[in-house]
Amino acid sequence: MKKLEYKDWRHIFKLDPAKNIAADALELICESGTDAIIIGGSDNVTLDNVIDLLMRVRRYAVPVALEVSTIEAITPGFDYYFIPSVLNSSETKWVKDLHHAATKEFGEVMNWDEIIPEGYCILNPDCKAAKLTNALHPLSEEDIIAYAEMVEHLFRFPVFYMEYSGMYGDVQTVKKVSKRLKNNQLFYGGGIQTEEQARQMATYADTIIVGNYIYDNLAEALKTVEAVKTLSKQ
Ligand code: 1GP
9 MKKLEYKDWR HIFKLDPAKN IAADALELIC ESGTDAIIIG GSDNVTLDNV IDLLMRVRRY
69 AVPVALEVST IEAITPGFDY YFIPSVLNSS ETKWVKDLHH AATKEFGEVM NWDEIIPEGY
129 CILNPDCKAA KLTNALHPLS EEDIIAYAEM VEHLFRFPVF YMEYSGMYGD VQTVKKVSKR
189 LKNNQLFYGG GIQTEEQARQ MATYADTIIV GNYIYDNLAE ALKTVEAVKT LSKQ
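Taking the working numbering, the leading residue of the sequence shown gets 9, the next gets one more, and so forth.
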C-alpha cells in the first residue's frame, strides 16, 4: 500500500518514548490502519528511548514522524520531523530559540523536505507542555483564531495544532478555527477517548491525534481509527 503524505493524514497515534508499550500492543497500534505514528513527549525524552521506539515501529509499514521537543533526541530515520513553535508560549525559547540552535547544529545536513513546522497553540493550561513552555492562558476564541491566522498567513507554517493534551477540547472553537483557515492543515489533539469524540473533532480538524488513551484503554483507542476513516471533513 502506498504511504500517504502527511497532508493526507486523518488519524495519528502519538506514542511517548518515555512510556512502556508492550510488543503486542505496538503491533495492534501500527497495524490499526492509522495513517501515521508520531513519536513525541514532553519529558524524559532521550536519544535512547526515541531510537528504541523508532526501531520497533519501523518493523511495520506505517509512516513514522518525530515531534521534536529536545535537540538531543533528534536522529535520522523518520519520514518526517514535526517542529513545534509554541505561539502562546511566553518564552522565546519555545517559539524560535531552540529552533535556531538546532538549525545551527544540523542545518547543513537537514533534508528540509522532511521538516514540517507546526504552529502550536496549547489550550489545556494544566498539561505538562503548558507548564514547561509557560503558555499564556486563558485565551479567548479571538486569540486562538488570531494565532491560527498568524500561522497560516504570517509565519506560513503548513500546520496549526490545537493542543488540548489530556483534556477534551471545545468542538465549537475547533469548528470556528477550521472555518477561518483557508489551506492550513488543522491538527487537533487532546483527550479523545471514544469513537464519537474522534468523529466530532475530525468533522472540523483535518487530522486528529490520539495519545494518552492508548495507554489507558487500547481497545477503545483503536476504535478511533475506523471512526474517522470514512468521515469527510466539513
Ligand atoms: C498530545 O495532542 C496529543 O500531544 C494527544 O493528546 O494525549 O490527550 O490524546 P492526548
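Think of the CB as a built atom: it goes at the ideal place given N, C-alpha and C, for glycine as much as any other residue.
Quick caveat: nothing in here was measured; it's all calculated off a predicted structure.
Is any non-hydrogen atom of the ligand 1GP found closer than 8 Å to the C-beta of residue 175, if you look at the structure I gave you? yes
Quick one: residues in its chain with C-beta nearer than 8 Å to the C-beta of residue 51, no 5 flanking neighbours on either side, listed in chain order? 26, 136, 140
To the nearest angstrom, how far is the alpha carbon of residue 39 from that of residue 67? 11 Å
Hey, quick one: how far does the beta strand (DSSP E) through residue 19 stretch, first residue to last? Counting along the chain, the beta strand (DSSP E) containing residue 19 begins and ends at 19–23.
Looking only at DSSP bridge pairs, what is residue 92 linked to? Beta-bridge pairing links residue 92 to 126.
For residue 172, which of helix, strand or coil comes out of DSSP? When secondary structure is reduced to three states using DSSP, residue 172 falls in the coil class, being assigned neither helix nor strand.
Which residues share a DSSP beta bridge with residue 195? According to DSSP, which records beta bridges pairwise, residue 195 is partnered with 169, 215.
Please classify residue 75: is it buried, with 16 or more other beta-carbons within 10 angstroms of its beta-carbon, or exposed? buried
Close Cβ partners of residue 204 (< 8 Å) along its chain, the five nearest in sequence each way excluded: 235
Given 8 Å as the limit, tell me if residue 137 has its C-beta closer than that to any heavy atom belonging to the ligand 1GP. yes
In angstroms with no decimal places, state the Cα-to-Cα distance between residue 58 and residue 77. 11 Å
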